[in-house]
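Q: Below you'll find the structure I mean.
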Amino acid sequence: MNDLGPTSHRFVSQRLALHYLDWGNPDAPLVILVHGGRDHAHNWDWIAQELRSDWHVICPDLRGHGDSAWSPDGSYSMPYYVSDLAQLIHQTSDGPVSIVAHSLGGAISLRYAGLYPDRVRRLAVIEGLGISPLEERAANPPAEVWRDWIDERRALSARTPRRYATMDQAFVRMTEENPHLEADRARHLMIHGMNRNEDGTYSWKFDNYVRSSLPMGITDDELHELWQEINCPVWLVHGASSFARHPGLDGRADYFRNASVTSYERAGHWVHHDRFDRFVTDLKLYLACATTILITG
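UniProt numbering puts the sequence shown at residues 1 to 297.
Right, here's the structure in full:
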């Protein structure tokens, strides 16, 4: 296996310069790995190294994340993310692609697959379905929702990126947020996820405005209709120790034409880190097979 790391590339989407990592092997089938919120493309380094001998692996930084540009007006709602993914695939692939995505990246990729079903060969989604129908939603009046959004944006405008005096302080923060994560992986992700400020302190690379989304969007019924447009097999991955609900038990898997569910014991929200060896073995099998076979947990 090639021991060299990925190369960095830029593409333009909606006037923003966005970044992605390319792990080489351009003649192989393309697989795109899409990270989650407040994360970055290097979250996939271990998975990419395992796939690169058989796949052409590309890992984008979402807008406002990693080494991609921040939106000048803080535009981080779902249509912008989906359009960015569509632009990346348009520029890098002539045929159907496979996608592996986590959390926010999963929500983005599911929408893309519903909009462009002929462009996706296989889709693996790690805890990216959003709120379960078993969870209560706040049914606030539209005017109140809009006012809350305006207040939230005003508060974000006064919020400056948190500064850490040392990398060790940031490391403690990361391990607190992700208690299942091994120390070596946490440190690797921290190093690639931070910038050094002029005064010598450190801050996370993501834009604070990614915390805010527009106060309008598609309804649950509309989202489920979009999921039903997906033609390719969909593998839904769940961490049994995560805050997220099991999509095979709460009914969400039933909205897909061809979905399978795997729930991993001793795994939180970052299943691909918490149960890496088993997950990567299952992922390789899933990406290579002609039919959906993983229905467990």
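Every residue gets a Cβ at the ideal spot worked out from N, C-alpha and C, and that includes glycine.
What span of residues does the alpha helix (DSSP H) with Trp23 cover, start to end?
A: Here residue 23 refers to the residue found at position 23 when the sequence shown is read from its first residue. The continuous stretches of alpha helix (DSSP H) do not include Trp23, and DSSP gives it neither H nor E.
Q: Which residues share a DSSP beta bridge with Thr262?
A: As a working mapping, residue 262 is identified with position 262 in the sequence shown. For Thr262, which the question treats as bridged, DSSP gives the partners Val237.
Q: Do you know whose CA, among Ser132, Gly74, Ser109, lies nearest Gly36's CA?
A: Translated into the one-based positions of the sequence shown, residue 36 becomes position 36. Ranking Ser132, Gly74, Ser109 by Cα distance to Gly36 puts Ser109 first.
Q: Can you tell me the Cα-Cα spacing of Ala101 and Asp184, whole angstroms?
A: Translated into the one-based positions of the sequence shown, residue 101 becomes position 101. Translated into the one-based positions of the sequence shown, residue 184 becomes position 184. One C-alpha to the other measures close to 22 angstroms.
Q: Return helix, strand or coil for Thr291, following the three-state DSSP convention.
A: Sequence index remark: in the sequence shown, residue 291 carries index 291 (1-based). Confidence at Thr291 is low in this model, with a pLDDT of 47, below 50, so the placement of that residue should be treated as unreliable; the coordinate-derived value is given next. Note: Thr291 maps to coil in three-state DSSP.
Q: Give the range of the alpha helix (DSSP H) segment to which Leu123 is assigned.
A: If you number the sequence shown from 1, residue 123 lands on position 123. No alpha helix (DSSP H) contains Leu123, which is instead part of the beta strand (DSSP E) from 120-126.
Q: Rounded to a whole number of angstroms, what is the C-alpha to C-alpha distance between Asp39 and Arg162?
A: Residue 39 sits at position 39 when you count from the first residue of the sequence shown. Residue 162 sits at position 162 when you count from the first residue of the sequence shown. Answer to the nearest angstrom: the Cα atoms are 15 angstroms apart.
Q: Could you tell me the distance, in whole angstroms, from the CA atom of Val145 to the CA atom of Pro215?
A: Along the sequence shown, read from residue 1 onward, the residue named residue 145 stands at position 145. Along the sequence shown, read from residue 1 onward, the residue named residue 215 stands at position 215. Annotation: Val145 to Pro215 spans about 6 angstroms, alpha carbon to alpha carbon.
Q: Along the chain, where does the beta strand (DSSP E) containing Leu104 start, and where does it finish?
A: Looking up residue 104 in the sequence shown gives position 104. Counting along the chain, Leu104 falls outside any beta strand (DSSP E), though it belongs to the alpha helix (DSSP H) covering 104-115.
Q: For residue 302, is the classification buried or exposed, using 16 other Cβ atoms within 10 angstroms of its Cβ as the cut-off for buried?
A: With the chain covering only 1 through 297, there is no way to say anything about residue 302.
Q: In this structure, how does DSSP classify His40 when only helix, strand and coil are distinguished?
A: For the purposes of this step, residue 40 is taken as the residue at position 40 of the sequence shown. The answer is coil: DSSP assigns His40 none of H, G, I, E or B.
Q: Identify which residue in Asn178, Gly64, Lys205 has its Cα closest to the Cα of Ser213.
A: In the sequence shown, counting from the first residue as 1, residue 213 sits at position 213. Here the closest residue by C-alpha is Gly64.
Q: Does DSSP put Ile89 in a helix, a strand or coil?
A: Here residue 89 refers to the residue found at position 89 when the sequence shown is read from its first residue. Of the three classes helix, strand and coil, the one that applies to Ile89 here is helix, per DSSP.
Q: Which residue wins for smallest C-alpha separation from Ala124, given the options Ser103, Leu115, Asp118?
A: Reading the sequence shown from its first residue, position 124 is the one you call residue 124. For the residues Ser103, Leu115, Asp118, the minimum Cα distance to Ala124 belongs to Ser103.
Q: Let me know if Gly217 comes out buried or exposed under the rule of 16 or more other beta-carbons within 10 Å of its beta-carbon.
A: Position 217 of the sequence shown holds residue 217. It is exposed - the Cβ of Gly217 has fewer than 16 other Cβ atoms within 10 Å.
Q: Report the CB separation of Leu18 from Asp61 in whole angstroms; it is logged as a contact under 8 angstroms.
A: Within the sequence shown, residue 18 is the residue found at index 18, counting from 1. Within the sequence shown, residue 61 is the residue found at index 61, counting from 1. With a contact defined as Cβ atoms closer than 8 angstroms, Leu18 and Asp61 qualify at about 7 angstroms.
Q: How far does the alpha helix (DSSP H) with Trp149 in it extend, from its first residue to its last?
A: Your numbering for residue 149 matches position 149 in the sequence shown. First-last of the alpha helix (DSSP H) with Trp149: 142-157.
Q: With a threshold of 8 angstroms between beta-carbons, can Ala240 be considered close to chain C, or not?
A: In the structure shown, chain C does not exist; there is a single protein chain.
Q: Between which residues of its own chain and Pro117 is the CB-CB distance below 6 angstroms, once the five residues before and five after are set aside?
A: Against the sequence shown, residue 117 aligns to sequence position 117. Result list for Pro117: Glu229, Ile230, Asn231, in chain order.
Q: Which runs of the beta strand (DSSP E), 3 residues or longer, sit entirely within the region 189-248?
A: 194-196, 202-204, 234-239
Q: So what does DSSP say about Leu134, is it helix, strand or coil?
A: Along the sequence shown, read from residue 1 onward, the residue named residue 134 stands at position 134. Looking at Leu134 - three-state DSSP - the assignment turns out to be coil, as it is neither helix nor strand.
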